[in-house]
Amino acid sequence: MQNNVAIEVRNLTKYYGDLLAVDHINFQVQLGEIFGFLGPNGAGKTTTIRILIGLAIPSSGFATVNGYHILTQSQQVKQGIGVVPEESILYDDLSARRNLYFIGRMYEVSPPLLKERTNGLLEDFELPRVSPRPIRTFSKGMKRKLTLAAALIHDPETLFLDEPTAGLDVMSSRTLREKIKRLKREGKTIFLTTHNIEEAERLCDRIAIINKGKILTIDTPQRLKSKVKGKEALEVQFDHISPNIQEELNKLCSSGEIIRKEGRYLITSNISQNTRKILAVVEKEKAGLPDIRSILPSLEEAFVKLTSVSAEEMKKEEEGKSG
Amino acid sequence: MVKELIKIYYIMAKDVKTYYFKPPNLIMGLMFPAVMIFTFSMRGIRDIMQFLPGLIAMTTFFGASSMETVIIALGRRDKSLERLLMAPLAFRTMLSGKILGGMAFGLVTTLILLPLGVGIFSLPIQKPLLLAVSIVVSAFSFSSFGAFIGVYPRESWNAMSLGNLTRFPMVFLSGVFLPVHKMPFILTKIAYFLPLTYSVDLMRSATINQGNILSWHYSLIILVLFGIFFLWISTKLIKRWLI
Chain A
12 MQNNVAIEVR
22 NLTKYYGDLL
32 AVDHINFQVQ
42 LGEIFGFLGP
52 NGAGKTTTIR
62 ILIGLAIPSS
72 GFATVNGYHI
82 LTQSQQVKQG
92 IGVVPEESIL
102 YDDLSARRNL
112 YFIGRMYEVS
122 PPLLKERTNG
132 LLEDFELPRV
142 SPRPIRTFSK
152 GMKRKLTLAA
162 ALIHDPETLF
172 LDEPTAGLDV
182 MSSRTLREKI
192 KRLKREGKTI
202 FLTTHNIEEA
212 ERLCDRIAII
222 NKGKILTIDT
232 PQRLKSKVKG
242 KEALEVQFDH
252 ISPNIQEELN
262 KLCSSGEIIR
272 KEGRYLITSN
282 ISQNTRKILA
292 VVEKEKAGLP
302 DIRSILPSLE
312 EAFVKLTSVS
322 AEEMKKEEEG
332 KSG
Chain B
572 MVKELIKIYY
582 IMAKDVKTYY
592 FKPPNLIMGL
602 MFPAVMIFTF
612 SMRGIRDIMQ
622 FLPGLIAMTT
632 FFGASSMETV
642 IIALGRRDKS
652 LERLLMAPLA
662 FRTMLSGKIL
672 GGMAFGLVTT
682 LILLPLGVGI
692 FSLPIQKPLL
702 LAVSIVVSAF
712 SFSSFGAFIG
722 VYPRESWNAM
732 SLGNLTRFPM
742 VFLSGVFLPV
752 HKMPFILTKI
762 AYFLPLTYSV
772 DLMRSATINQ
782 GNILSWHYSL
792 IILVLFGIFF
802 LWISTKLIKR
812 WLI
């Protein structure tokens, strides 16, 4: 693999008839990183994943996964990747154990190794007790865990996770996120699509924001947030406010320099000047130092600014999917 | 090659377990041919001797093709075919596994009804080896045909309708009820393009020694070619429609 690149995409384009689903996208995913693909429904996330895993053919452009060309070396690409599709596509009438065994055989894992891995994964995903049961009796969370286990059965280098926590309850989502973090620690490269902004922020080393088939930006969550200018604020909270401090705060509030919100004060403009003013009064009054912390713009704000899609719309989409 | 064969075997075994050998499906697979056999037996023992070989071919035909069509359509809809294709698996391998599952079902339904025909109606078996080979080759050809019909529809009910729309006319045109040489000229020509025609003729040769379309060697070769053709065209089509 060249320069530690796990996935390389160049000018990838996909048309469905006249509909341009993916529009000349370019990106690289480094080995061992969690790369997030964040965007609203219909942005082109799933189409991109389908192309990379060999379930769709690009209209133009090319990509390599683990150093193999997706079109000319698709079998090698498939051997080196694990996929967690958007829906848990497993065989409902088979038990968890048989599902893992069957999928392992499709990846040419030898029976003794497969037995060992199946036991290990069932243990690891807390499924051994239910493993003889047909998976149609499983909850959505259990099926999701098993789908991730199935993606790992052949010990792939790279994982493609398409909305891995969509429709899961808080606890199941949390457990799955922990597993994903652990996989990264074990050195797996993870390509993750999501429209859960919080999830992207918590898990990803870098995030590509995609909308209407185009990648709008690629950066770390921190840098993406810092791209949203003018939204920084300083939050000041007092244990006890003397009349003089209150008077100074009221003056600043009335001029709109600071905002009072649930007993806290948010300095949103002229941050350093206003902070100095407050601290001067605090010092003069010999009052205890207030709690001061910087409020950075959220990834959500960065996302909204870049895509013009509100976080509420994204949440509705996610609820729609889980419902 | 060995790796491919192993995958084909596991796909077949999975399909057999998850779809085919469930009591309702087995009953459905046996019901129609059994009803036909008993209906014809009402007309007398001489008539049933004429029809039984064709009915055996028809049993293999329905068994190997009908569920197969629905299972492939279902696999497109519930994306279980996609799940298979996420693995390093050629389309041909995937369909071969599916076809082997259909074959197994066709063979089992035939092997349940065949002893009935032999036992109850004293159907003679003049060439047992030819009969065995004919049943296996027919099952392959019909299962491939079932796959071909199943690759287009996305809904199982659509697949069922399309399957019946092609299967029933084929039964009437292939000499199951009326020998091909007694049919009107144009229908005779159509019959030559239908795999069931050759299967019926083979079954007649192997049992009552009355095959009359082609020598059994050619009939077997033609059935194999039909099977390969349907596998090839189904692979092309499913590749086009799935990705």
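Line by line, the protein sequences give chains A and B.
Under the working numbering, the residue at position 299 of the first sequence is numbered 310, and the numbers go up by one with no gaps.
Under the working numbering, the residue at position 114 of the second sequence is numbered 685, and the numbers go up by one with no gaps.
Ideal Cβ placement from N, Cα and C applies to all residues, glycine included.
Keep in mind the model is a prediction, meaning the values are calculated, not measured.
### Query
Out of Asp649/B, Arg648/B, Met602/B, which has the shortest C-alpha to C-alpha gap to leucine 626/B?
The shortest Cα separation from leucine 626/B among Asp649/B, Arg648/B, Met602/B belongs to Met602/B.
### Query
Would you say the beta carbon of aspartate 135/A comes nearer than 7 Å to a heavy atom of the ligand MN?
As presented, the structure is devoid of all ligands, the ligand MN included, so that no description of it is given.
### Query
Taking just the CA atoms, how far does glycine 673/B sit from phenylalanine 797/B?
Linking phenylalanine 797/B to glycine 673/B through their CA atoms gives a straight-line distance of about 16 Å.
### Query
Using CA coordinates, which residue listed in Phe801/B, Met629/B, Tyr769/B, Ile720/B is at the minimum distance from leucine 682/B?
Selection Phe801/B, Met629/B, Tyr769/B, Ile720/B evaluated against leucine 682/B yields Met629/B as nearest (Cα-Cα).
### Query
Among the residues of its own chain, which have a CB less than 7 Å from the CB of valine 292/A, if the five just before and after it don't count?
Annotation for valine 292/A: Asn255, Ile256, Glu259 place their beta carbon closer than 7 Å to its own, counting only its chain and skipping 5 residues before and after.
#### Entry: Residue closest to leucine 66/A, alpha-carbon to alpha-carbon, out of Met153/A, Arg108/A, Val88/A
Minimum Cα distance to leucine 66/A is reached at Val88/A.
#### Entry: C-beta atoms of leucine 203/A and alanine 160/A nearer than 8 Å
Cβ distance not < 8 Å, so leucine 203/A and alanine 160/A don't count as in contact.
### Query
Between which two residues does the alpha helix (DSSP H) harbouring isoleucine 691/B extend?
Here the alpha helix (DSSP H) through isoleucine 691/B covers 662–692.
### Message
I want to see whether chain B comes within less than 8 Å of glutamine 39/A, judged by CB atoms only; does it?
### Response
For glutamine 39/A, the answer is no, since every Cβ of chain B falls outside 8 Å of its Cβ.
### Task
Determine whether the Cβ of glycine 334/A lies closer than 8 Å to any Cβ atom of chain B.
Any reading at glycine 334/A needs caution, since the residue's pLDDT is 42, under 50, leaving its predicted position unreliable; the model's value is listed next. Answer no: the Cβ-Cβ gap between glycine 334/A and chain B never drops below 8 Å.
### Message
With DSSP as the reference, identify every bridge partner of threonine 200/A, one or two as the case may be.
### Response
Looking at the DSSP assignment, threonine 200/A forms a beta bridge with Thr169/A.
### Task
May I have a chain-ordered list of the alpha helix (DSSP H) segments no shorter than 4 residues that lie completely inside the stretch 214–261 of chain A?
Complete alpha helix (DSSP H) runs here, min 4: 232–237.
#### Entry: Three or more C-beta pairs below 8 Å linking the stretch 628–645 of chain B and the stretch 717–737 of chain B
Yes, they touch.
### Query
serine 333/A: buried (16+ other C-beta within 10 angstroms of its C-beta) or exposed?
Any reading at serine 333/A needs caution, since the residue's pLDDT is 49, under 50, leaving its predicted position unreliable; the model's value is listed next. Serine 333/A should be labelled exposed.
### Message
With a threshold of 8 Å between beta carbons, is phenylalanine 48/A in contact with chain B?
### Response
False, the Cβ-Cβ gap to chain B never drops below 8 Å.
### Query
Under 8 Å between C-beta atoms, does arginine 144/A make it to chain B?
Using a Cβ-Cβ cut-off of 8 Å, arginine 144/A does not count as an interface residue toward chain B, since no Cβ of chain B sits closer than that to its own.
### Message
Just to check my reading of the structure: isoleucine 779/B and proline 624/B have Cβ atoms closer than 8 Å, yes? What is that Cβ distance to the nearest angstrom?
### Response
Contact between isoleucine 779/B and proline 624/B holds, with the beta-carbon distance rounding to 6 Å and staying under 8 Å.
### Boundaries (first-last residue) of the alpha helix (DSSP H) holding valine 141/A
Segment: none, valine 141/A is in no alpha helix (DSSP H) and carries neither H nor E.
### Message
By DSSP's criteria, arginine 271/A is part of a beta bridge. Which residues make up the other side?
### Response
BP columns for arginine 271/A point to Tyr276/A.
### Message
Going by DSSP, what residue range makes up the beta strand (DSSP E) through glutamine 10/A?
### Response
Nothing can be reported for residue 10/A, as the shown portion of chain A is limited to 12 through 334.
### Query
How many whole angstroms separate the CB atoms of isoleucine 146/A and leucine 105/A, which I take to be in contact at a CB cut-off of 8 Å?
The pair is a contact, with the Cβ atoms about 7 Å apart (cut-off 8 Å).
### Query
For alanine 177/A, which three-state DSSP category applies?
In the structure shown, the three-state DSSP call for alanine 177/A is coil.
### Query
Using 8 Å as the Cβ pair cut-off and three pairs as the minimum, do the stretch 77–95 of chain A and the stretch 657–677 of chain B touch?
Verdict: yes, contact present.
### Message
Taking 8 Å as the threshold (beta carbon to beta carbon), is threonine 318/A in contact with chain B?
### Response
When Cβ-Cβ separations below 8 Å define contact, threonine 318/A makes no contact with chain B.
### Query
With distances taken from CA atoms, which of Lys151/A, Leu30/A, Glu137/A, Ile64/A is nearest aspartate 173/A?
With distances taken between Cα atoms, aspartate 173/A lies closest to Ile64/A.
### Task
Flag this pair as touching only if the stretch 108–124 of chain A and the stretch 214–228 of chain A have three or more C-beta atom pairs under 8 Å; answer yes or no.
With a cut-off of 8 Å, the stretch 214–228 of chain A and the stretch 108–124 of chain A do not count as touching, because too few Cβ pairs lie within range.
#### Entry: As assigned by DSSP and simplified to three states, the class of tyrosine 723/B
Tyrosine 723/B falls in the coil class under three-state DSSP.
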